[in-house]
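**Student:** Chains as they are written, first to last, in this note's numbering: chain A, 1234 to 1648; chain B, 13 to 479. Ideal placement from N, C-alpha and C gives every residue a C-beta, glycine not left out. Computed from a prediction, not measured in an experiment: that's the story for all the values here.
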Ligand SMILES: Cc1cc2nc3c(=O)[nH]c(=O)nc-3n(C[C@H](O)[C@H](O)[C@H](O)COP(=O)(O)OP(=O)(O)OC[C@H]3O[C@@H](n4cnc5c(N)ncnc54)[C@H](O)[C@@H]3O)c2cc1C
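1) I'd like the span of the alpha helix (DSSP H) that includes residue 336 of chain B, first residue to last.
2) Report yes if the CB atom of residue 245 of chain B is closer than 8 angstroms to the CB atom of residue 147 of chain B, and no otherwise.
3) Are the beta-carbon atoms of residue 166 of chain B and residue 89 of chain B separated by less than 8 angstroms?
4) Cβ of residue 1591 of chain A less than 8 angstroms from any chain B Cβ?
5) Beta-carbon of residue 1252 of chain A versus every beta-carbon of chain B: anything under 8 angstroms?
6) Around the C-beta of residue 1494 of chain A, are 16 or more other C-beta atoms found within 10 angstroms, so that it is buried, or is it exposed?
7) Cβ-heavy atom distance between residue 62 of chain B and ligand 1 below 7 angstroms?
8) Sorry if obvious, but does the Cβ on residue 284 of chain B come closer than 7 angstroms to a heavy atom of ligand 1?
9) Are any of the Cβ atoms in chain B nearer than 8 angstroms to that of residue 1466 of chain A?
10) Check whether the Cβ of residue 1424 of chain A lies closer than 8 angstroms to any Cβ atom in chain B.
11) What does residue 1284 of chain A reach in chain B if we use C-beta pairs closer than 7 angstroms?
12) Kindly indicate which three-state DSSP category residue 1293 of chain A falls into: helix, strand or coil?
13) Tell me which residues of the segment 378 to 408 of chain B have at least one Cβ-Cβ distance to chain C shorter than 9 angstroms, keeping chain order.
14) Output, in sequence order along the chain, the residues in the segment 431 to 447 of chain B whose CB is closer than 7 angstroms to any CB in chain A.
15) What do you reckon, are the CB atoms on residue 375 of chain B and residue 405 of chain B nearer than 8 angstroms?
16) Does the Cβ of residue 1369 of chain A have 16 or more other Cβ atoms within 10 Å, making it buried, or fewer, making it exposed?
17) Going along chain B, which residues have a C-beta under 9 angstroms from residue 1598 of chain A?
18) Give the secondary structure of residue 217 of chain B by DSSP, where H, G and I count as helix, E and B as strand, and everything else as coil.
19) Counting contacts by CB-CB distance shorter than 8 angstroms, is residue 336 of chain B in contact with chain A?
20) My assumption, with CB atoms under 8 angstroms, is that residue 1428 of chain A sits in contact with residue 1409 of chain A. Please give the rounded CB distance.
21) According to DSSP, is residue 1413 of chain A part of a helix, a strand, or is it coil?
22) Tell me, to the nearest whole angstrom, how far the beta carbon of residue 39 of chain B is from that of residue 357 of chain B; I am working on the premise that it is less than 8 angstroms.
23) Going by alpha carbons, who is nearest to residue 1518 of chain A out of A:1485, A:1329, A:1583 and A:1483?
24) Quick one: does the C-beta of residue 1472 of chain A sit closer than 7 angstroms to a heavy atom of ligand 1?
25) Would you call the CB atoms of residue 118 of chain B and residue 104 of chain B closer than 8 angstroms?
26) Specify, as a first and last residue, the run of the beta strand (DSSP E) that residue 116 of chain B falls within.
27) Would residue 90 of chain B count as contacting chain A if we go by Cβ distances under 8 angstroms?
28) Using CA coordinates, which residue listed in B:448, B:411, B:417 and B:443 is at the minimum distance from residue 1323 of chain A?
29) For ligand 3, is there a heavy atom less than 7 angstroms away from the beta-carbon of residue 1335 of chain A?
30) With distances taken from CA atoms, which of B:126, B:295 and B:197 is nearest residue 249 of chain B?
31) Do residue 219 of chain B and residue 236 of chain B have their beta-carbon atoms positioned less than 8 angstroms apart in this structure?
32) What three-state label does DSSP hand residue 320 of chain B in the structure shown?
33) Determine the DSSP secondary structure at residue 150 of chain B, reduced to helix, strand or coil.
34) Can you check whether the CB of residue 101 of chain B is closer than 8 angstroms to the CB of residue 65 of chain B?
35) Might you give, ordered along the chain, the residues of its own chain that have their beta carbon closer than 8 angstroms to the beta carbon of residue 298 of chain B, omitting 5 neighbours on each side?
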């Protein structure tokens, strides 16, 4: 039963609206059959597992996988780059995350994200002006013309990657993101090879940059990762590589979806869009609600148990693969009132959209700021915007879910 | 049918036009008042506070304020909603007439109530010798004014600061001094800082933290007297080991005393250990009978906790004040069947020497300790406390994201030592050690939690917390 349901969730045909399937899934908070993963779909259970030290994020702890739905997930390990901290446990995870945080957030860099505000504003203005310049307001692809280039420029500037190189790693990022998608129909060996090649090429590209920054450090994060020398010592070249690759890919593949899902949701809820137009501060609660209602990361398919763990009456044995269905938990009626309602005024909103616990989204402060700015500016500047396709065409990925294109039209663009 | 269905409508009347008085206008008082309005209380609400200020937050006082990063008068508590209250600030309550349902104020006024909430908290234990305690340069730290004065004294760049007592507050003060580049000596009667709250194993880690950060830490000693100069300024302290420490600023950090003196003779069960109440926050009178109209919340309360064998716990914890205030307010406006117990699992945080310390449960109940994750040497770890084969508390140093797990384990009365393996388990955590708390019969100011007595009720009751 679970297997079938999971297949349906992963099936591209259900990408536009997986929520009824999640509802079905929640009827069994922890479901499992055959060789497949243990799938956890209810809020409290997911939340507690995210804080459970008996769960590992390191794929090494997975027992022989058998021919489960996942296909071969180990494709990213053992190749050119060591696993990023996303796929490590403490203490290695903690050390790398801490070192990465030093140039990025409090206590050592409390102003970094905040100080990017003007720069972000400039990028948003530039992109919207760019739409004006095309003169084509009857068909705007909000993904290609706005939601993709914006966060990509931001992550490039943050890391100090030359913008003109972006088209090259666009391809690598897509390939690597796709490798996260547990699509049962894809040919695992072929996909594995593709992602291995992409990782290799990306790694070589970044290695060159890091080498250069070591000699010639600037104010960017890549320089700081390359030359860091705090209480935790320095990162090895390989660590700096996999960390920057992680930031680069996360910067490419998640905020894009947050902004696109956000605009789509707002266009489906014109009254909220109207309120945002008149009150840009509303972007803060709107983005939080979006992270609950349409989270860019729908599920975490990457955890394993280190002990037998009892969850909601089910014993998940040691060495099992666990999937945490964040998007299902976010609409759990036991946790949220009227969970299927998009409600920017929701008060109690401790969602799972950015995860929780030690692996909670590293880039959260930046992602929030980007999405808030993007949505409030789009709301303010687009005159009478409307969806041209509903639902729009989605990306293949069921983990990092979002529209591939979002065609809209509007009557004009305010200055 | 009356409004309340089976009842006589008294509760509806109370909600509509009753008089509720809150004594103690700080964290617990404010949060309770907000909850009462939230629950639709439309009657008159009076908040009585002896401090001249509207409610403010205390934790920043020993942290950001002492560092000069926040101003003491900018720590006002954020309001969750308007409470439309009659504020009587700068005037203490001086007496209680339970029969007449009246609170007496220091200015001679009397305020009548239908329901009374007592949230008078604690105050800093003063230096036992009043003359010495009155010397210029001698401080305690509890209020905004204390913090303001101490921060000014630190900003003036004293040659040395002496902190007497290395509990949480004393340690935080020492940490702030070091961060400001001031020379500081800490004198502690116990064998290590935090030993009363977290035991000797963790205390040893805290001692290392002090020393590595350049604190002149003296343990196992008592300050016997303070010495002033002819102008009445403190200039030195004498220690039980015969040594003398010259210091221009002395901070007395010897724990707290409960603000219950104003209730003397009222007949309420209030004394130096606080005001005893039932799990629903209703105060006991001195006969051990629970009152119907007087409730207690926050640092001044002493209430039985089902999860800890119904021991009466007095908790000087921010989170406890908030949760207990909420429960008290709810119960004050509810029929008995709708009342809720205060089942909050004790939790506490501190930040010192750049380390974030958090605990859940009741560490001083623990007899054994196990380092379940991380390592003591790195000062990044999670440790579990065991008591009679069960997990009773946990503490984390720079590792707080795991704490909710331990909290759940405590709620589920999980066994100790834990039977599972975890990420980041190290050789440190191979087997449990004695938790090494000081002998409770030896007086120490240390613990922020005191335990006493327990009810004869069924101790095997299973406890499932509300979510
Ligand atoms: C410096 C400092 C740092 C702290 N740091 C932390 C921390 O990091 N983490 C943590 O969990 N907790 C911390 N705490 C503890 C936390 O602040 C308290 O638990 C909390 O303030 C308790 O709130 P309360 O309302 O019960 O009592 P209080 O805040 O003490 O309020 C009681 C109020 O009642 C007033 N009052 C007393 N008697 C009378 C009377 N007769 N009439 C009228 N008014 C009266 C008092 O003046 C006071 O304003 C800290 C406390 C201090 C002092």
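**Tutor:** In short:
1) 330 to 344
2) yes
3) no
4) Interface flag for residue 1591 of chain A against chain B is set, since a Cβ pair is found closer than 8 angstroms.
5) For residue 1252 of chain A, no Cβ of chain B is located within less than 8 angstroms of the residue's own Cβ.
6) buried
7) yes
8) Judged by the Cβ position, residue 284 of chain B fails to qualify as a neighbour of ligand 1 at the 7 angstroms threshold, every heavy atom of the ligand being at least this far.
9) Taking Cβ atoms only, chain B never reaches closer than 8 angstroms to residue 1466 of chain A, which makes this a no.
10) no
11) 413, 414, 416 and 417
12) helix
13) Checking the listed chains, one finds no chain C in this structure; the protein chains it contains are A and B.
14) 432, 433, 434, 435 and 436
15) yes
16) exposed
17) Result: empty, since nearest Cβ-Cβ is about 17 angstroms, beyond 9 angstroms.
18) Residue 217 of chain B: helix per DSSP, three-state reduction.
19) no
20) 6 angstroms
21) coil
22) Not quite, the Cβ-Cβ distance comes to about 19 angstroms (not below 8 angstroms), so this is no contact.
23) A:1583
24) no
25) yes
26) 114 to 117
27) no
28) Comparing Cα-Cα distances from residue 1323 of chain A to each of B:448, B:411, B:417 and B:443, the minimum goes to B:411.
29) In the structure shown, ligand 3 is absent; the only ligands present are ligand 1.
30) Nearest C-alpha to residue 249 of chain B among B:126, B:295 and B:197: B:197.
31) no
32) helix
33) strand
34) yes
35) 279, 280 and 281
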